[in-house]
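Trainee: This structure is in structure tokens; I'll ask about it shortly.
Number of protein chains: 2
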Amino acid sequence: MSVTIREVAREALVSVATVSRVLNGKGPVHADTAKRIRKAAKRLHYVPHGGARSLITRRTTTLGVLLPELHGEFFSELIRGIDVCARRKEYHLLVSSSHSDRAESEEMVRAMRGRVDGLIVLSPDVRPHTLKANLPEQFPVVLVNTAGGQGAFDSLAVDNFGGAVEMVRHMVGLGHRRIAFLQGPAANRDASERLRGYRDAIAEQGHADAAVEIAGDFREESGYEASGRILSMKRRPSAVFAANDSMAIGLLCGFQEKGVRVPQDVAIAGFDDIPIARYVTPPLTSVRVPIAELGARAAELLIAGLEAGPGRRRTRETLSTRLVVRSSCGESDGARSRSASGSGYG
Amino acid sequence: MSVTIREVAREALVSVATVSRVLNGKGPVHADTAKRIRKAAKRLHYVPHGGARSLITRRTTTLGVLLPELHGEFFSELIRGIDVCARRKEYHLLVSSSHSDRAESEEMVRAMRGRVDGLIVLSPDVRPHTLKANLPEQFPVVLVNTAGGQGAFDSLAVDNFGGAVEMVRHMVGLGHRRIAFLQGPAANRDASERLRGYRDAIAEQGHADAAVEIAGDFREESGYEASGRILSMKRRPSAVFAANDSMAIGLLCGFQEKGVRVPQDVAIAGFDDIPIARYVTPPLTSVRVPIAELGARAAELLIAGLEAGPGRRRTRETLSTRLVVRSSCGESDGARSRSASGSGYG
DNA sequence: GACGAGTGTGTAAACGATTACAGCGACACA
DNA sequence: TGTGTCGCTGTAATCGTTTACACACTCGTC
């Protein structure tokens, strides 16, 4: 059925060893022979059998990517980043997404082992401990946005802390003194880091009473509900910093329904800079997370680890975020494009 | 380094054959022996080497997915659909995305062959002809949303035609008699099918002068520009049906900037039902494309083809779309949810 | 003209799994 | 007791590569 190296060898009147040498560019081969072999391989549409090759070379040139239930832009941007980098270095990508529970994720770890050279893991469900238990010693893994992976694995995270600090400083710079923070789920690491950044930056300002923390869970609905709670406060904050954009949008929606103007009556900011952020009215000031870069860097780290072999030092990197100023905090920079400002949607 | 079946056999005091039989559930093995083997395998964290296995079984239990430069929700939904189905049937996914040019796509076809049992191809760049040239005879392929793949491969498409017809009928039902169509790029198959549906549905109505076709290219900007051209027409249409949501949003933006009210002065509808569609003001009436279902069905078809073996009949399927009525056409159904109606964003 | 140093090529042994085939008890039946 | 059947297990061939090793040949060079 499938054409093998043996048939190419027969066609080119040489041994399989010579064919292999030509196709892998190793060892000295006469130019004429090489040309003959290449021609034969092309004519027969020969492609080496990956399994056989990986059996002997002990490499699959494939990276495994383990993802949680992820949606929209985050998912696609991340994969894009990983893919671009992997392809440049001639690696393939074995992807497994949308794991809802821990058992499933762990099952996938096992299924992937034996088919990939290394793993990029995003699922917060997968504990480093079980990774170690299910993988061979020294198996290269890059943990992305996962808590507590400092030990045996490389890890990569987004500077949620720094982004939050920057946002608070920006708000303070606009004159806000009482800035509320709409929290994410307590168990979520991104959320807790953002909260930590908020607290630090507020403390930095000196007036302790500036801090107002409101419960939320990252979903749009919780932002919507928070709007009511905020309006019923005795001392209303002049600005609300939501731990993510979805909640910020819910909040915006809630305020506007109640006739509260944004940003005139209250300023709002989010985190993530999801695509919709620029389309709402007013366009949302947010913190941009470099998703594609996160993916690309993860792939880079993994491949570097693969090629360096075992006994390598583990690294822990943090990617910085970028403040994206739109008009939901009252800032007007005058140079925004039509589609970015969304000026026509009101 | 990595533990092999031989070590499991030694540990369990049996031969490799027996280990293999137990782990694959074939052939009669004494219950005690089986238990001992399973225990040993678990203790050693044994996982079979995929390459070795695929060498002898001639299967990789992996599906290849070839994608063009794809963004956001479309990409993630599609992969999710494919992934869910593939995992249920115990297949893995080798993904290769964002191919910009034809040469690159074709290179990937070759790179994947030899590592996968079948291919799901979305890239319109990849011509069926080159697929045939670069793949073995009878290699299972499912073509998604690709023109002219009727011949040697299974193929799957979205019912762009039917969706467009349905939308026009909906508009007519709302009383519109002069309905303009904002076209997509001429070379794009989705676009041309939508145009065809529009024309058919308009013709169905009897008054030929109802048809007004305006050039566009699927990008938001082209929708924005079209708004000007429409307003300068002698006989303005009472409704505009854009070939995709991005253009519809550009159009909406353009109209509102010029003080034209939607839907009171002019109705607007789009196609695709992208997530932003429900967030603009007014929320956009659109045609929902079942992306995840498209992916899942593609995987299903491919796996069915794999398991049926060669000599199977090729199928050509079409997935139907669904009209999503929001308020940009003036329809009010009264039962819409807060977030779906977006009532708070104006 | 014998001898190393390259070149260019072939032979055959891995790699880790699956599986056809054979062997070995135990047991039933004639 | 011989014989066939059935259940369980082992031996060894096989899949398609890569690569260590060996071999043959051609050159200078002493």
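Protein chains in written order, with my numbering: chain D, 2 to 347; chain U, 2 to 347. Note that beta-carbon positions come from the ideal geometry of N, C-alpha and C, so glycine has one too.
1. Around the Cβ of D266(U), are there at least 16 other Cβ atoms within 10 angstroms (buried) or fewer (exposed)?
2. To the nearest angstrom, report how far apart A188(D) and P69(D) are at their CA atoms.
3. Count the other CB atoms, across all protein chains shown, that sit within 10 Å of the CB of E107(U); report buried if there are 16 or more and exposed otherwise.
4. Going by DSSP, name the residue or residues bridged to R289(D).
5. Does G65(D) come out as helix, strand or coil in the three-state DSSP assignment?
6. What residue range is occupied by the uninterrupted beta strand (DSSP E) comprising G119(D)?
7. If you compare alpha carbons, which of V48(D), A87(D) and F140(D) is closest to A293(D)?
8. What do you get for S16(U), buried or exposed, if any count of 16 or more other CB atoms within 10 angstroms of its CB means buried?
9. Taking just the CA atoms, how far does V96(U) sit from D246(U)?
10. Can you give me the C-alpha to C-alpha distance between D201(D) and A309(D), rounded to a whole angstrom?
11. Can you tell me the Cα-Cα spacing of E91(D) and A35(U), whole angstroms?
12. Under the rule that 16 or more other beta-carbon atoms within 10 Å means buried, what is E214(D), buried or exposed?
13. Below 8 angstroms on the Cβ atoms is my guess for A297(D) versus G82(D); work out the distance and round it to an integer in Å.
14. Contact defined as beta carbons within less than 8 angstroms: I believe Y280(D) pairs with Y280(U). What is the distance between those atoms, to the nearest angstrom?
15. Considering A212(U), what are the terminal residues of the beta strand (DSSP E) in which it resides?
16. Is the CB-CB distance between P129(U) and L307(U) below 7 angstroms?
17. For the segment 162-182 of chain D and the segment 225-239 of chain D, state whether three or more C-beta atom pairs, one from each stretch, are separated by less than 8 angstroms.
18. Against chain U, does E74(D) count as a neighbour if the rule is that its beta carbon must be under 7 angstroms from one of theirs?
19. Using DSSP with H/G/I as helix, E/B as strand and the rest coil, what is L252(U)?
20. Would you call the CB atoms of S77(D) and S77(U) closer than 7 angstroms?
21. In its own chain, which residues sit with a C-beta less than 7 angstroms from the C-beta of R37(U), not counting the 5 before and 5 after it?
22. Taking the straight line between their C-alpha atoms, what separation do you get for D273(U) and E318(U)?
23. Which value, in whole angstroms, describes the spacing of the CA atoms of V166(U) and T286(U)?
24. Note down the Cα distance separating A134(U) from G51(D), rounded to an integer number of angstroms.
25. Just list the residues that DSSP pairs L144(U) with in beta bridges.
26. Under the three-state reduction of DSSP, which class applies to A181(U): helix, strand or coil?
27. The alpha helix (DSSP H) spanning L45(D) covers which residue range?
28. Could you tell me which of K40(D), S223(D) and F162(D) sits nearest to L196(D), measuring between CA atoms?
29. When the cut-off is 7 angstroms and only beta carbons count, does D84(D) lie next to chain U?
30. Taking all protein chains shown into account, decide if Q257(D) is buried (16 or more other Cβ within 10 angstroms of its Cβ) or exposed.
31. Does the distance from the CB of H93(U) to the CB of T63(U) come in under 7 angstroms?
32. Between which two residues does the beta strand (DSSP E) carrying A240(U) extend?
Mentor: Walking through what the data contain:
1. exposed
2. 15 angstroms
3. buried
4. D273(D) and R323(D)
5. strand
6. G119 to V122
7. A87(D)
8. exposed
9. 27 angstroms
10. 39 angstroms
11. 41 angstroms
12. exposed
13. 4 angstroms
14. 6 angstroms
15. A212 to I215
16. no
17. yes
18. yes
19. helix
20. yes
21. A13
22. 19 angstroms
23. 14 angstroms
24. 20 angstroms
25. V122(U) and S156(U)
26. strand
27. A32 to L45
28. F162(D)
29. yes
30. buried
31. yes
32. A240 to A243
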